[in-house]
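Visitor: Below you'll find the structure I mean.
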Amino acid sequence: MLSEFDVIARYFTRPPRQTGCVALGIGDDCALLSPAPGFQLAISTDMLVEGRHFFAGTDPGKLGHKSLAVNLSDLASMAARPIAFTLALALPDTNPGWLQAFSDGMLALAETYDCELIGGDTTKGPLNICITVFGELPPGQALQRDRAQTGDDIWVSGSLGDARLALAAMRGEIALASDALRCAAERLERPMPRVALGLALRGIARAAIDISDGLFGDLGHILERSNQGARLDVDALPIGPLLSRQPRDVRRAFALAGGDDYELCFTAAPAERAAVLAAAASAGIEVARVGTIDSQPGLRTVDADGAPLLMNAVSFDHFLST
Ligand code: ADP
Ligand code: MG
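Here it is in structure tokens:
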């Protein structure tokens, strides 16, 4: 049986990178970070609970990836560069195969973004994964939720709804061919945080949020914090390639209110359109212009003809839904 210290040493301790902002990593009572002089630290925590955020028995490699990806996505939406993270882990047992796959999945993504695991805590208990990420950014350049202004364009990266489609198929609500299910499940289980896009949008975008609970609700957070309203053209939404084969109402509902997309929704002045497109191209991701910020409170959805749609789509809320 592996002890807590065996687990930390074997699966979570890698040779220090000796570069970047980590002055002291795993092994002492605290880690030490030295952000670049004059930079701000961006800090975010996300917890993944078995049975709530992922199914029991989820592939451990994918789980390791996703646990870190959702945290990196928060840094992306602030335009912060990832530097390090901590991992608090409750495990029912110390299964070597599970731990190896989990840490491989997590640390491979960490390496991609040069984000070093610098500490954490390990305890026995129902499977629970809590990560805190640290990023850095120049003061004044964070894409805060409260920065949207009347007249701003609303943009969405990548595509929406395929993760929600996978969930529907896994729950048996919608039948998908096995190839389609595999691709959709990839979106649900292995999201790629839009870190490069967030960085490229520094000084161009104003407000941003990552879409974890559905565009409708997450854009709503920008509107509320910015004291603005918006008009959203549902026919301009970038529908996921697999979702696009579903009936119109399913397409609209999943693109608007499905969760787990981890795309960025951001606003920028119309004068920045060319700059937004250039930033997206440099980050290797498509972006779609889906609406406009205005001063009339609320979020109004219209179709391509401008006809209003009555949406009863609400965003996923952990305490309102079962
Ligand atoms: P303490 O008793 O000070 O809380 P621990 O014995 O819990 O320290 O942890 C020893 C070291 O291992 C610390 O540096 C801690 O940050 C690190 N650590 C513990 N669990 C993990 C983990 N799951 N991933 C990475 N580092 C961890
Ligand atoms: Mg501890």
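If you use the working numbering, the sequence shown corresponds to residues -8 to 313, in order. By construction, the Cβ of each residue, glycine as well, lies at the ideal position given by its N, Cα and C atoms. The structure displayed is predicted, hence computed values, not measured ones.
Could you round the C-beta distance between Thr258 and Asp143 to whole angstroms and report it? I think they count as a contact, below 8 angstroms.
Guide: About 4 angstroms; that satisfies the 8 angstroms criterion.
Visitor: Look up Leu118 in the DSSP assignment and say whether it is helix, strand or coil.
Guide: Here Leu118 sits in coil by DSSP.
Visitor: Compare the C-alpha of Ala175 against each of Gly88, Ala199, Gly249 and name the closest.
Guide: Nearest C-alpha to Ala175: Gly249.
Visitor: Under the three-state reduction of DSSP, which class applies to Asp153: helix, strand or coil?
Guide: Helix, per DSSP.
Visitor: Per the contact definition of three or more C-beta pairs closer than 8 angstroms, is the stretch 154 to 164 in contact with the stretch 66 to 85?
Guide: No: fewer than three Cβ pairs fall under 8 angstroms.
Visitor: If you reduce the DSSP assignment to three classes, tell me which class Phe46 lands in.
Guide: Coil at Phe46, not helix or strand.
Visitor: Using a 10 Å radius around the Cβ and a threshold of 16 neighbouring Cβ atoms, would you call Ser312 buried or exposed?
Guide: Residue placement at Ser312 is flagged as unreliable, the pLDDT there being 48, under the threshold of 50; a coordinate-derived value is accordingly withheld.
Visitor: Taking the continuous alpha helix (DSSP H) assigned at Phe3, which residues delimit it?
Guide: Where Phe3 is concerned, there is no enclosing alpha helix (DSSP H), given that its DSSP letter is neither H nor E.
Visitor: Roughly how many whole angstroms lie between the Cα atoms of Leu300 and Phe245?
Guide: If I take the Cα positions, the gap works out to 15 angstroms.
Visitor: Go ahead and pull the three-state DSSP assignment for Ser286.
Guide: Ser286 falls in the coil class under three-state DSSP.
Visitor: If we ignore side chains and look at the alpha-carbon of each, how far apart do Ala262 and Thr141 end up?
Guide: For Ala262 and Thr141, the distance between alpha carbons rounds to 13 angstroms.
Visitor: Going by C-alpha distance, which of Glu127, Asp19, Leu188, Arg72 is nearest Ile276?
Guide: When each option's Cα is compared against that of Ile276, the closest is Leu188.
Visitor: Please determine, among Ser203, Phe207, Ser35, Leu(-7), the residue with the shortest C-alpha to C-alpha distance to Asp224.
Guide: Selected option, being the one with the closest Cα: Phe207.
Visitor: Taking the alpha carbon of Met(-8) as the reference point, which residue from Ala168, Glu180, Leu90, Gly111 has its own alpha carbon closest?
Guide: Per the Cα distances, Leu90.
Visitor: Measure the C-alpha to C-alpha separation of Met38 and Lys57 and round it to an integer number of angstroms.
Guide: Approximately 11 angstroms between the Cα atoms of the pair.
Visitor: Restricting to runs no shorter than 3 residues, where is the beta strand (DSSP E) found entirely within the stretch 128 to 176?
Guide: Counting only runs of 3 or more, we get 144 to 148.
Visitor: First and last residue of the alpha helix (DSSP H) that includes Met97?
Guide: From DSSP, the alpha helix (DSSP H) with Met97 extends over 87 to 103.
Visitor: Secondary structure at Ser359, three-state DSSP: helix, strand or coil?
Guide: Since the displayed the chain opens at -8 and closes at 313, residue 359 lies outside it and no answer follows.
Visitor: I need the boundaries of the alpha helix (DSSP H) containing Ala265, first residue and last residue.
Guide: Run containing Ala265: 264 to 274, per the alpha helix (DSSP H) assignment.
Visitor: Quick one: residues in its chain with C-beta nearer than 8 angstroms to the C-beta of Lys53, no 5 flanking neighbours on either side, listed in chain order?
Guide: Here the set comprises Gly96, Glu180, Arg181.
Visitor: Compute the Euclidean distance between the alpha carbons of Ala101 and Gly297, then round it to the nearest angstrom.
Guide: Near 44 angstroms, if we compare the C-alpha coordinates of Gly297 and Ala101.
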